[in-house]
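Number of protein chains: 2
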Amino acid sequence: MAGNSGEPGRSVTSKVLAILGAFSVAHSELTLAQIARRTGLPVPTVHRLARELVAWGGLERLPDGTYRIGLRLWEIGSLAPQQRRIRQIAIPFMEDLYEATHGNIQLAVREGGEALYIEKISGRYAVPIVSRVGGRLPLHATGVGKILLAFAPQEVIDQVLTAGLARLTPKTIVMPGKLLRALAEVRRTGLAFCYEEMTLGSVSVATPIHGPDQSVIAALSIVVHSFPADAQRFAPAVRTAGLGISRQLARMDSAAPEAFARQVAR
Amino acid sequence: MAGNSGEPGRSVTSKVLAILGAFSVAHSELTLAQIARRTGLPVPTVHRLARELVAWGGLERLPDGTYRIGLRLWEIGSLAPQQRRIRQIAIPFMEDLYEATHGNIQLAVREGGEALYIEKISGRYAVPIVSRVGGRLPLHATGVGKILLAFAPQEVIDQVLTAGLARLTPKTIVMPGKLLRALAEVRRTGLAFCYEEMTLGSVSVATPIHGPDQSVIAALSIVVHSFPADAQRFAPAVRTAGLGISRQLARMDSAAPEAFARQVAR
DNA sequence: GGATGGACTTTCACCCAGTGAAACAGGCAT
DNA sequence: ATGCCTGTTTCACTGGGTGAAAGTCCATCC
Chain A
0 MAGNSGEPGR SVTSKVLAIL GAFSVAHSEL TLAQIARRTG LPVPTVHRLA RELVAWGGLE
60 RLPDGTYRIG LRLWEIGSLA PQQRRIRQIA IPFMEDLYEA THGNIQLAVR EGGEALYIEK
120 ISGRYAVPIV SRVGGRLPLH ATGVGKILLA FAPQEVIDQV LTAGLARLTP KTIVMPGKLL
180 RALAEVRRTG LAFCYEEMTL GSVSVATPIH GPDQSVIAAL SIVVHSFPAD AQRFAPAVRT
240 AGLGISRQLA RMDSAAPEAF ARQVAR
Chain B
0 MAGNSGEPGR SVTSKVLAIL GAFSVAHSEL TLAQIARRTG LPVPTVHRLA RELVAWGGLE
60 RLPDGTYRIG LRLWEIGSLA PQQRRIRQIA IPFMEDLYEA THGNIQLAVR EGGEALYIEK
120 ISGRYAVPIV SRVGGRLPLH ATGVGKILLA FAPQEVIDQV LTAGLARLTP KTIVMPGKLL
180 RALAEVRRTG LAFCYEEMTL GSVSVATPIH GPDQSVIAAL SIVVHSFPAD AQRFAPAVRT
240 AGLGISRQLA RMDSAAPEAF ARQVAR
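Set out below in structure tokens:
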């Protein structure tokens, strides 16, 4: 590249990606100056790159100058297959689970050291909870997180422990030893409980979703606002749904490798 | 940039975006060589840029070497607000509409000269149709498309007519004059019908969704596999749902500007 | 009212990051 | 063994990217 100063060794691509990465659930609309601050890039650089992103449709700019994520990026993001496959198969099961329990049904995968929520069914009457589709929550303080962590490679567990277990409520597990024991129990039973460790008043049960190769690729959970006994009461239902989704995934895999592809071109 | 040859005047950013743009519904997994062909970029260039995208999480690479869209991109794409707001409000209405009719309920916005489907409710028992969330269909041959086109700026209409009206079935409207008359009728009635113009055996009714400023920002439709009379029978229900969504959007806008923001950080 | 601070935009001399042909390596047909 | 395809690495060359600096616009403050 060039430029008479700045930090050499940073690729253009990394700058473009840093700009996209500056957007998050908590910051879905950003001004030019905010992007520059969040990325550490000089304002003119952000300006130039953002203009290209806008021209392409990856970002859009409001009359008042703020940037948002554009539809083009949503469209391309919706092609991400990890979640596409699983969602397509899991949604009917999740709907059944919702019908049966009227709790908050959630589906999450692990992305780095956090749980990324890829689908959620709350119905119109369910109580609001903190998770959000496309949002992230810590692994050590949620039902789905414990599942994902319990079946993650050892290095991920180490990494999470090293980073420290943030205390979110008085009931959050912050002692590494206690978490490790909990994870061992999760692996033994295939169930993870979470008793007000993320939010006071919320309890949840979660269960793993297995891919065709038996590895754990996602976690399914139900969150209710009541007493620990309820979480235990719903455990069999959640476990059954998880097994159902896993079985369906395996079946789809062996049978129709790309049966979806018949749909729509572009 | 540099490089001893190639097409000068093409920015690095445009190349990165071209790589992302190479992915589509019909091509959600691509090899290195395929990306190079689809973008017109030299293979080594794609190789280098794709590696950066993989490192960032925007793409992921399978053991066999094929690339797919990564979760990171899905996550950021899910922040696109145009669809986020509308979907959140529209989904309950769409569910009601599904309960009442058991047809395929769809929500689409206009992206350039095409209809982009942002939500779809088909239930488990509905017959399959060609649309797909994240997919595109032509404006002139679908119910939602006619709505979006009828209320689009004149230049978009001109552009679509200039590009030519592709014949998809014997019933597709391919005469510009006929389409213009149909659009005038759509504007008059607030309803668009589509009788097997996209797919033989499928008929649909669509209605506009208005933003707080009364502009048309989306279209809602129901697709059924039967006779034209059914489309007309469902018209009042679709119209009512459309008005309900529009009213709710306006109310949300004046009342709670960013009531969602209280949720989850990251 | 004019001074101050913040946001956004444009310019432009500087130069290094990006380039892609070419060569190499592996796989699979013929 | 030959051809053809894919993916990977190298490297001499150079023009696209750079960002401080200056300019513009608009609030807010004294």
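Those protein sequence lines, which keep their order, are chains A and B. For reference, each letter of the first sequence is one residue, going 0 to 265 in numbering that gives the first Met the number 0. For reference, each letter of the second sequence is one residue, going 0 to 265 in numbering that gives the first Met the number 0. Ideal Cβ positions, reconstructed from N, Cα and C, are used throughout, including at glycine.
Taking only beta-carbon positions, decide if residue i is within less than 8 Å of chain B.
i, result
"F22/A", "yes"
"Q33/A", "no"
"I75/A", "yes"
"L19/A", "yes"
"S27/A", "yes"
"S13/A", "yes"
"L190/A", "no"
"L72/A", "yes"
"L147/A", "no"
"V108/A", "yes"
What's the gap between the Cα of residue i and the Cα of residue j?
i, j, result
"V223/A", "R250/B", "29 Å"
"T198/A", "I244/B", "32 Å"
"I68/B", "A218/B", "28 Å"
"D229/A", "M93/A", "18 Å"
"G241/A", "I208/A", "5 Å"
"D63/A", "R50/A", "15 Å"
"I85/B", "V15/B", "30 Å"
"F192/A", "T206/A", "9 Å"
"N103/A", "F226/A", "15 Å"
"A17/B", "L147/B", "27 Å"
"L293/B", "Q213/B", "Outside the displayed range of chain B (0 to 265) lies residue 293/B, so it cannot be described from this structure."
"Y194/B", "H101/B", "19 Å"
"A35/A", "P41/A", "6 Å"
"L160/B", "P169/B", "18 Å"
"P43/A", "S13/A", "16 Å"
"T141/B", "E196/A", "49 Å"
"F233/B", "P211/B", "26 Å"
Could you check what DSSP says for residue i in three-state terms: helix, strand or coil?
i, result
"I120/B", "strand"
"H46/A", "helix"
"Q213/A", "coil"
"A249/A", "helix"
"T161/B", "helix"
"E59/A", "strand"
"E257/A", "Unreliable placement is indicated for E257/A, whose pLDDT of 42 sits below 50; the coordinate value is still reported in the next sentence. Correct three-state label for E257/A: coil."
"L115/A", "strand"
"V173/A", "coil"
"E28/B", "strand"
"P152/B", "coil"
"E51/A", "helix"
"T206/A", "strand"
"A99/B", "helix"
"A79/A", "coil"
"R86/B", "helix"
"E110/B", "strand"
What is the C-beta distance between residue i and residue j, in whole angstroms, given that I count them as a contact (C-beta under 8 Å)?
i, j, result
"L190/A", "V204/A", "6 Å"
"L31/B", "H46/B", "6 Å"
"V132/B", "K119/B", "5 Å"
"R135/B", "L115/B", "5 Å"
"A79/B", "L61/A", "Wrong, their Cβ atoms sit about 13 Å apart, outside the cutoff."
"L72/B", "I75/A", "6 Å"
Is there a Cβ of chain A sitting closer than 8 Å to that of residue i, yes or no?
i, result
"R166/B", "no"
"P207/B", "no"
"P80/B", "yes"
"R266/B", "The displayed coordinates of chain B run from 0 to 265. Any statement about residue 266/B would go beyond what the structure contains."
"S10/B", "yes"
"V42/B", "no"
"V132/B", "yes"
"G57/B", "yes"
"G69/B", "yes"
"E51/B", "yes"
"L199/B", "no"
"L219/B", "no"
Please go through the same chain and pick out, in chain order, the residues whose beta-carbon is closer than 7 Å to the beta-carbon of residue i, but skip the five residues on each side of it.
i, result
"G200/A", "H224"
"A181/A", "K145, I172"
"L178/A", "H139, L164, I172"
Leaving out five residues before and five after residue i in sequence, what residues of the same chain have Cβ atoms less than 6 Å from its Cβ?
i, result
"A149/B", "L182, V185, R186"
"Q247/A", "I88"
"L52/B", "L58"
Go through its chain and collect everything with a Cβ distance to residue i's Cβ below 8 Å, but skip five positions before and after it.
i, result
"V237/A", "L96, L190, V204, A205, T206, L219, S220, I221"
"R83/A", "S77"
"R37/B", "A21, H26, L29"
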